[in-house]
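Participant: The following block contains the structure, expressed as structure tokens.
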Amino acid sequence: MWHGIEVLDTSFVEFATSPAPACTDGIYGGHIWLNRGNNVFPDAPEDLFFFSGFQGQYVCGIPSKQLIVVRLGVQGDDPFVMNEVLKFICESVPTI
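Sequence positions in the sequence shown follow the working numbering and run 40 to 135.
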């Protein structure tokens, strides 16, 4: 929802954020990575889902925080640690 307008159909969101039947470890949904099972981001909530792009670019959704986190940029020689960023953000934003 954005200003009272449904941006994505609820049934699509449920499909996309549910583990795919063919993915036995539960970390992949409908074209979206899930933070379940082996927890790609161990310091972030399990309800986190994300898109992972080239050079460490991410779009992460965290329903329990009603939050979207976007990381753009080039990773370069120093590895960008998204888990640390998500941990900091999640500690700073109350759970809803």
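Ideal Cβ positions, reconstructed from N, Cα and C, are used throughout, including at glycine.
Using alpha carbons as the reference points, say which of P102, A59, F93 and I71 lies closest to A83.
Facilitator: P102
Participant: Going by DSSP, name the residue or residues bridged to S103.
Facilitator: DSSP lists no partner for S103.
Participant: Rank E85, V108 and S57 by C-alpha distance to the C-alpha of Q140 and give the top, closest one.
Facilitator: The structure shown does not extend to residue 140, since the chain spans only 40 to 135, so no value can be given for it.
Participant: Mind checking M121: buried by the 16 CB within 10 Å criterion, or exposed?
Facilitator: buried
Participant: Below 8 Å on the Cβ atoms is my contact criterion, and I expect A55 with I71 to pass it. Report the Cβ-Cβ distance as a whole number of Å.
Facilitator: By a beta-carbon distance limit of 8 Å, A55 contacts I71. Their separation comes to about 5 Å.
Participant: Looking at the unbroken alpha helix (DSSP H) that takes in S131, where does it start and where does it end?
Facilitator: M121 to S131
Participant: Could you please give me the residues that DSSP links to F90 through a beta bridge?
Facilitator: For F90, the beta-bridge partners assigned by DSSP are V98.
Participant: Can you give the Cα-Cα distance for Y67 and C129, rounded to whole angstroms?
Facilitator: When rounded, the distance between both Cα atoms is 22 Å.
Participant: Can you tell me whether N74 is buried or exposed, with buried defined as 16 or more other CB within 10 angstroms of its CB?
Facilitator: The residue in question, N74, is buried, as its Cβ has 16 or more Cβ neighbours within 10 Å.
Participant: Classify F80: buried if its beta carbon has 16 or more other beta carbons within 10 angstroms, exposed otherwise.
Facilitator: Counting C-beta atoms within 10 angstroms of its own C-beta, F80 has 16 or more neighbours from the protein chains shown and is therefore classed as buried.
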